[in-house]
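Participant: This structure is in C-alpha cells; I'll ask about it shortly.
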Amino acid sequence: MAACVEAGAREVRMAKDEAERQLLWKGRKSAFGAYGRVSPAYMVMDGVIPRTKLPYVLRRVNEIVAAANLRVGNVFHAGDGNLHPNILYDPRRPGEEARVVQAGAEILKVCAEVGGSISGEHGIGLEKMDYMPFIFSPADLATMHRVKEAFNPRGLCNPGKIFPTKKACVETGPAYRAHPIEEQGLAQRF
Numbered sequence: 000m001a002a003c004v005e006a007g008a009r010e011v012r013m014a015k016d017e018a019e020r021q022l023l024w025k026g027r028k029s030a031f032g033a034y035g036r037v038s039p040a041y042m043v044m045d046g047v048i049p050r051t052k053l054p055y056v057l058r059r060v061n062e063i064v065a066a067a068n069l070r071v072g073n074v075f076h077a078g079d080g081n082l083h084p085n086i087l088y089d090p091r092r093p094g095e096e097a098r099v100v101q102a103g104a105e106i107l108k109v110c111a112e113v114g115g116s117i118s119g120e121h122g123i124g125l126e127k128m129d130y131m132p133f134i135f136s137p138a139d140l141a142t143m144h145r146v147k148e149a150f151n152p153r154g155l156c157n158p159g160k161i162f163p164t165k166k167a168c169v170e171t172g173p174a175y176r177a178h179p180i181e182e183q184g185l186a187q188r189f
C-alpha cells in the first residue's frame, strides 16, 4: 500500500473484514453499469501486461484515447496484470466507431510491446485475430495454421476463425448500422 501512496494514489483502502471486501468488489463490478450512464456504447478491451508496466501502459492508454478524441474507463486486475480499458463512444456519430477500433488496436500493440499479450482472459475471438502478429511471428502463425489444417483438412470446422483471412464474419455494434469493417468490405453480416 505504501508504494501506491508514494506513486500518487488518491486513496488506498484495504478491506478490514469480509463485508468491506464484498463492498469494494461491488464497486469494481458496478463499473460496467456506470459506463451506460455516461455513454451509449463502449468497447471492452482485454490485454495482459507485466504488473511493473501498469503505470506506463495506463499513461499510453490515456494518450491513445485522447488522440482519438474519445474517453476511457480503466478497470483491471492489477494483481495479475489483466487490463480492461473500456473505450466509451456513441455509435451514432459518424466515424467514431472506426476510431474506437483503431484506438483498441493501438492499445493491444502497447500491451504486446511491453511483454504482455493481446488477451488476458477473454480470448482472441474475431475482433482480435488480425492482431495476432503483435505476439506471434509469421512462422508461428504458419505452424498453427498447419496444425489446424491437419485436423480440419476440408475447412469445415469454424471456417475463417482464429487465423486472419481477408473476410471475417462479425456481429457487433447496434443492429441499425453497419460496422466499420463491414463498410470496408472486410466482413459480412449474416
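Sequential numbering from 0 applies to the sequence shown in numbering that gives the first Met the number 0. Built from N, CA and C at the ideal position, the CB exists for glycine as well.
Does the beta-carbon distance from G119 to V47 come in below 8 Å?
Facilitator: yes
Participant: What is the C-beta distance between N73 and P84, in whole angstroms, given that I count them as a contact (C-beta under 8 Å)?
Facilitator: 5 Å
Participant: Do you know how far the Cα of P137 is from the Cα of K52?
Facilitator: 26 Å
Participant: How many Å lie between V64 and G154 at the Cα?
Facilitator: 38 Å
Participant: Among residues of its own chain, excluding the 5 on either side of E182, which ones have a beta-carbon nearer than 7 Å to its beta-carbon?
Facilitator: none
Participant: From R58 to A66, what does the alpha carbon distance come to, in whole angstroms?
Facilitator: 12 Å
Participant: For R36 and F75, what's the separation of their Cα atoms in angstroms?
Facilitator: 20 Å
Participant: Taking just the CA atoms, how far does V11 sit from V4?
Facilitator: 7 Å
Participant: Once the 5 residues before and after A8 are set aside, which same chain residues still bring their CB inside 7 Å of it?
Facilitator: none
Participant: Classify M42 as helix, strand or coil using the three-state DSSP reduction.
Facilitator: strand
Participant: So H144 is in the alpha helix (DSSP H); what residue range does that whole segment cover?
Facilitator: 137-150
Participant: Could you tell me the boundaries of the beta strand (DSSP E) in which F75 lies?
Facilitator: 70-76
Participant: Rounded to whole angstroms, how far is the Cβ of V71 from the Cβ of L87, which I believe are closer than 8 Å?
Facilitator: 7 Å
Participant: Less than 6 Å between C-beta atoms, sequence neighbours within five positions excluded: which residues of the same chain meet that for K165?
Facilitator: Residue placement at K165 is flagged as unreliable, the pLDDT there being 49, under the threshold of 50; a coordinate-derived value is accordingly withheld.
Participant: State the Cα-Cα distance for the pair M42 and A102, rounded to the nearest angstrom.
Facilitator: 10 Å
Participant: Who are the near neighbours of G114 in its chain, counting only those whose CB is closer than 8 Å to its CB and skipping five residues on each side?
Facilitator: I48, P49, K52
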